[in-house]
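Below is one structure, written out as structure tokens; comments come after it.
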Amino acid sequence: MPGVSSLIQKVKNLPKQARDYRVIRTASLSLAWFGMGLYFRIVGPTMIDLKDRIGVDYEEISRVLVSHTVGYFLATVTCGIFLDFQPKYAYGVLGSAFFLAGVGTAGTPFTTSLGGLGFLQHLAGWGHGFTDAAGTVVCARLWGDKASAPMHAMHAGYPIGAFIIPLIVIPYLSPDRPAAVNGTTPPPLTVEEAWRLSKIQWPYVGVSVAQFIMCTLFVFYQYKEFLSDDSSKTNKAPKSFSAFLSPGRFMKGKGKKAIFLLVLLFLYYTNMFSKPDASVVYSTFWISYASMRWVSIAAAAWVPVHIMLSVEITGVFISGIVLAVWGATNKTVFWVFTCILGLSVAPIFPGGTAWANQYLDASSIVFAICVVGASVGGTASNYLTGYLFEYVGPRSMLYFFMGCGCALLPTFVVMQITVSSRFATKPSAHQDVELETRHNKGFEMDDAECKT
17 MPGVSSLIQK VKNLPKQARD YRVIRTASLS LAWFGMGLYF RIVGPTMIDL
67 KDRIGVDYEE ISRVLVSHTV GYFLATVTCG IFLDFQPKYA YGVLGSAFFL
117 AGVGTAGTPF TTSLGGLGFL QHLAGWGHGF TDAAGTVVCA RLWGDKASAP
167 MHAMHAGYPI GAFIIPLIVI PYLSPDRPAA VNGTTPPPLT VEEAWRLSKI
217 QWPYVGVSVA QFIMCTLFVF YQYKEFLSDD SSKTNKAPKS FSAFLSPGRF
267 MKGKGKKAIF LLVLLFLYYT NMFSKPDASV VYSTFWISYA SMRWVSIAAA
317 AWVPVHIMLS VEITGVFISG IVLAVWGATN KTVFWVFTCI LGLSVAPIFP
367 GGTAWANQYL DASSIVFAIC VVGASVGGTA SNYLTGYLFE YVGPRSMLYF
417 FMGCGCALLP TFVVMQITVS SRFATKPSAH QDVELETRHN KGFEMDDAEC
467 KT
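Count the sequence shown with our numbering and you get residues 17 to 468, in order.
This is the structure:
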């Protein structure tokens, strides 16, 4: 039977495919995103201890932690420009990313001031931005037009790290203080008590060691790149600064349409990055998030990326509204739609980069615009969630997340309409004649070559 023989042949080829250097390096990228989930998300469950160690309130520490996102923003812009001209150094950028993340993570629990915490998180933000920008470039360069499933696989490591890090840090947190006799909220620990009772420095040190191991791995890959010296993989760098600034290079000469799509991509990532954190049933959300990231790998191999994104963004839109309206008063609705929200949000980030890789001649600048949009959304989200939690209450954050979902859906609809063939501009009669003339000249040249 031809179907059975074809299946057997595919199974026989699995060991060969597993040894493919592209599969190995994509697995390394997934491991890198796992490490990124560890160092980026360790701050959430340890924020109370960090706050008490320094002696500040929630709004102050939330405002300082925005420095991470500022570093992320600067890193993505810098990395996008640098790799557009020097794409052969992408693995080296990844190595430096994890070195910076390791230094920032290792020093965070030992700082005694808001300024020190801001500086260390700023360093980690540079590592985060370098990883997102350079990792996406590497994945797209490895797989080309078939990068959708590998892109989802690369991002699948992140939610696993984000899910397990709270479980790792729980034994090292300071113990909960008993409520006062009259039932009021107990006062926060003093700085001296926080340093004595909290042991969060140990998980931070362990996570930083993992980052330095990843740094070594990608430095090795960069060394291998230098040995191979395959310039054919990196021959799309702009030849001049004017070529670098030309938007037409992203869409085969359609400069205005390319600019419009890049603006929409920026807005897309600005809205989707503001998603629930530890305050919205942290573990439940991340279990759903991690599960869907892995399921989406298989789905991306079979389902067109625009269909996947349409379903996922609609899920975010509906679950955001339901949580804001009924989630705060109905426990069942809250838990069920938190899971649905996690399932819907999970593939949107890698799906967006896969979409950009499919419809644009995606260079590092295109991917940088995507993650810059995410950094802007992250900056606003960090500040607003801290302010809302401190002064308005947790429910206000549900309305904030609902607003992001409501803005994301029409943004993607316009993006998809823009690239749809039904709305493509038809060539004029003059353009038709010009194209036909060029076509005929091409045939004449081919005939002349054949005769020669």
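Backbone N, C-alpha and C fix where the C-beta goes; we use that ideal spot for every residue, glycine too. What you are looking at is a predicted structure, and each value in this text was computed from that prediction instead of being measured.
Review point. On the three-state DSSP scale, how would you describe Pro366?
Key: Here Pro366 sits in helix by DSSP.
Practice item. Could you have a look at Val109 and say whether DSSP puts it in helix, strand or coil? Key: helix
Check your understanding: Helix, strand or coil for Lys215 per DSSP?
Key -> coil
Practice item. Please check if any C-beta of chain C sits within less than 8 Å of the C-beta of Val39. Key: Looking at the structure shown, chain C is missing, and only one protein chain is on hand.
**Study point:** Local conformation of Thr206 per DSSP, three classes
**Key:** coil
Review point. How long is the line joining the alpha carbons of Val435 and Ala384, rounded to whole angstroms?
Key: 20 Å
Point to revise | Candidates Gly160, Val382, Leu110: closest to Gln238 by CA position | key: Leu110
Exercise for review: Put Pro191 into one of helix, strand or coil per three-state DSSP.
Suggested key: coil
Practice item. Determine the burial state of Val408: buried for a count of at least 16 other Cβ atoms within 10 Å of its Cβ, exposed for fewer. Key: Exposed: under 16 other Cβ atoms inside 10 Å.
Exercise for review: Just tell me which of Phe333, Phe365, Ile356 has its CA closest to the CA of Ala316.
Suggested key: Taking only the C-alpha atoms, the option nearest Ala316 is Phe365.
Check your understanding: Between the C-alpha atoms of Ala172 and Ser312, what's the straight-line distance to the nearest angstrom?
Key -> 9 Å
Check your understanding: Going straight from the alpha carbon of Leu213 to that of Ser129, what length do you get?
Key -> 18 Å
**Study point:** Test item: CB-CB of Thr286 and Gly141 under 8 Å
**Key:** Contact annotation: Thr286 and Gly141 have beta-carbon atoms that are not nearer than 8 Å.
**Study point:** Whole-angstrom distance between Val235 and Ala101, CA atom to CA atom
**Key:** One point to set straight first is that residue 101 is Phe, not Ala, in the sequence displayed. Roughly 20 Å separates the two Cα atoms.
Exercise for review: Can you give me the Cβ contacts of Val225 inside the same chain, cut-off strictly under 6 Å, excluding the 5 residues immediately before and after it?
Suggested key: none
Practice item. Between the Cα of Phe56 and those of Asp68, Thr85, Ile70, Cys95, spot the shortest distance and give me the residue it belongs to. Key: Thr85
Point to revise | Straight-line gap, Phe126 to Ile433 (C-alpha atoms, nearest Å) | key: 51 Å
**Study point:** Boundaries (first-last residue) of the alpha helix (DSSP H) holding Leu376
**Key:** No alpha helix (DSSP H) holds Leu376; DSSP gives it neither H nor E.
**Study point:** First through last residue of the alpha helix (DSSP H) which encompasses Thr348
**Key:** 347-361
**Study point:** Cβ-based neighbour list, Pro363, same chain, cut-off 7 Å, excluding 5 preceding and 5 following
**Key:** Apart from the 5 residues on each side of it in sequence, Pro363 sits with its Cβ closer than 7 Å to the Cβ of His168, Met308, Arg309, Ser312, Met324, Glu328 in its chain, given in chain order.
Review point. Does the Cβ of Thr121 have 16 or more other Cβ atoms within 10 Å, making it buried, or fewer, making it exposed?
Key: With 16 or more other Cβ atoms within 10 Å, it is buried.
Practice item. Closer than 6 Å by C-beta to Tyr188: which residues in its own chain qualify, once you throw out the five before and the five after it? Chain order, please. Key: Only Lys215, Ile216, Trp218, Pro219 meet the Cβ criterion.
Practice item. Inspect the beta-carbon positions of Val154 and Tyr105 and report whether they are closer than 8 Å. Key: Cβ atoms of Val154 and Tyr105: not closer than 8 Å.
Review point. DSSP on Gly393, reduced to helix/strand/coil?
Key: Of the three classes helix, strand and coil, the one that applies to Gly393 here is helix, per DSSP.
Point to revise | Option in Gly134, Ser78, Gly71, Ala149 with minimal Cα separation from Met52 | key: Ala149
Check your understanding: Hey, out of Arg411, Val223, Gly421, Glu75, whose CA is closest to Phe115's CA?
Key -> Val223
Exercise for review: Compare the Cα-Cα distances from Ser112 to each of Pro426, Gln227, Thr300 and report the closest residue.
Suggested key: Ranking the options by Cα distance to Ser112, first place goes to Gln227.
**Study point:** Nearest-angstrom Cβ-Cβ length linking Leu281 and Ala372, presumed shorter than 8 Å
**Key:** 6 Å
Exercise for review: Can you have a look at Met160 and say buried or exposed, based on whether 16 or more other CB atoms are within 10 angstroms of its CB?
Suggested key: As written in the sequence, residue 160 is Gly, which differs from the Met given in the question. It counts as exposed.
Review point. When DSSP labels each residue in this structure, what does Val296 get in the three-state scheme?
Key: The predicted position of Val296 is uncertain, since its pLDDT is 42 and thus under 50; no value can be drawn from it.
Point to revise | Own chain residues within Cβ distance below 7 Å of Ser360, not counting five before or after | key: Glu328, Gly331, Val332, Ser335
Practice item. Quick one: residues in its chain with C-beta nearer than 6 Å to the C-beta of Leu425, no 5 flanking neighbours on either side, listed in chain order? Key: Ile329, Phe333
Review point. Run through DSSP, which three-state label would Asp36 get?
Key: coil
Point to revise | Buried versus exposed call for Ser244 [16 or more other C-beta atoms within 10 Å across all chains shown] | key: exposed
Check your understanding: How about Tyr415 and Ala340: are their beta carbons less than 8 Å apart?
Key -> yes
Review point. Grouping DSSP H, G and I as helix and E and B as strand, with all else coil, what is Ser129?
Key: coil
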